[in-house]
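Student:
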Amino acid sequence: MITAIAFDWGGVFTEGTFDSMAVRNLASACRASIEQVSASYFPLMTQVEVGSMGLAEFHREFVVRSGLVIEARTFRETFLGSVRERAAMYGILARIPAHYTVGMLSNNAPELCDAVRGDPRLRRIERFVFSNEIGVRKPDLAAFAALSAALGVPPEQTVFIDDNTDNIDAALGLGFHALWLDTMPSFRVRWQAALPEIPL
Numbered sequence: 001m002i003t004a005i006a007f008d009w010g011g012v013f014t015e016g017t018f019d020s021m022a023v024r025n026l027a028s029a030c031r032a033s034i035e036q037v038s039a040s041y042f043p044l045m046t047q048v049e050v051g052s053m054g055l056a057e058f059h060r061e062f063v064v065r066s067g068l069v070i071e072a073r074t075f076r077e078t079f080l081g082s083v084r085e086r087a088a089m090y091g092i093l094a095r096i097p098a099h100y101t102v103g104m105l106s107n108n109a110p111e112l113c114d115a116v117r118g119d120p121r122l123r124r125i126e127r128f129v130f131s132n133e134i135g136v137r138k139p140d141l142a143a144f145a146a147l148s149a150a151l152g153v154p155p156e157q158t159v160f161i162d163d164n165t166d167n168i169d170a171a172l173g174l175g176f177h178a179l180w181l182d183t184m185p186s187f188r189v190r191w192q193a194a195l196p197e198i199p200l
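Anchor point for the sequence shown: position 138 equals 138 in our numbering, and the numbering is continuous, going up by one each time.
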């Protein structure tokens, strides 16, 4: 019996991944190619997501590695302003009955975590597990173990939603009921099969 539902954040509550939008926006701000920004952004973002680097250091290292010029304030505003919301998911979250335990497992930066935790539309989420706070990113199995511990519910009783197939595969391997969010129409079919009592 399913007793818990857990969500990723980027790519689930946002249209497309947060990182892809951040890279596009930083490329525009720096007047550089997406490839040039990506080469420095993604290795550094991995460190941010496990809590070994803050946003200020991220900016400094990005400038050094990429050779691009962007002020710290512009970098911060561009990065944090790269959220493009998927409105439908907030409605789905709000319809989850009270008897389900609801959580989130997300690879994320501290500043974004603060914004997510403070979003009143996400108040239905009772347990937040962020990579920068546990020192490990999905799809590492330890991240999913941390989610189960936070929920107090075993994987076999938990539905996990993510847009990344590597994370879906890892969750399935641990016994979660994992639902891939690729497109909303396909996701709705998967959701109704797994959670028929919660109509979309």
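Every residue, glycine too, gets a C-beta built ideally from N, C-alpha and C. Note that the structure is predicted; figures quoted are calculated from it, not measured.
How should Gly81 be labelled, buried or exposed, when 16 other C-beta atoms within 10 angstroms of its C-beta is the threshold for buried?
Tutor: exposed
Student: Smallest Cα separation from Arg76: which of Glu197, Glu111, Ala6 and Ile2?
Tutor: Glu111
Student: Please report the residue range of the alpha helix (DSSP H) in which Ser131 lies.
Tutor: Following the DSSP letters along the chain, one finds Ser131 inside the alpha helix (DSSP H) bounded by residues Ser131 to Ile134.
Student: Can you give me the C-alpha to C-alpha distance between Arg73 and Ala29, rounded to a whole angstrom?
Tutor: Computed Cα separation, rounded: 12 angstroms.
Student: Going by C-alpha distance, which of Thr78, Ser66 and Val48 is nearest Met21?
Tutor: Here the closest residue by C-alpha is Thr78.
Student: How should Ser148 be labelled, buried or exposed, when 16 other C-beta atoms within 10 angstroms of its C-beta is the threshold for buried?
Tutor: buried
Student: According to DSSP, Ala4 sits in a beta bridge with which residue or residues?
Tutor: Thr101 and Thr158
Student: Suppose contacts are defined by Cβ-Cβ distances below 9 angstroms. Is Arg65 in contact with Ser40 by that definition?
Tutor: Yes. Within cutoff.
Student: Can you name, in chain order, every residue of its own chain whose Cβ lies under 6 angstroms from the Cβ of Gly175, other than the five neighbours on each side?
Tutor: In the same chain as Gly175, and ignoring 5 residues on each side of it, the C-beta atoms closer than 6 angstroms to its own belong to Pro155 and Glu156, in chain order.
Student: Per the DSSP calculation, Ala178 is bridged to which residue(s)?
Tutor: Phe160
Student: Apart from the five residues just before and just after Arg121, which ones in its own chain have a Cβ nearer than 6 angstroms to its Cβ?
Tutor: Tyr90
Student: From Phe18 to Glu126, what does the alpha carbon distance come to, in whole angstroms?
Tutor: 22 angstroms
Student: Just the Cα atoms here: how many angstroms apart are Gly10 and Ile161?
Tutor: Within the model, the alpha-carbon separation for Gly10 versus Ile161 is close to 11 angstroms.
Student: In this structure, what does DSSP give as the bridge partners for Asp85?
Tutor: The sequence shown places Glu at residue 85, rather than the Asp named in the question. Bridge pairing for Glu85: Thr14 [DSSP].
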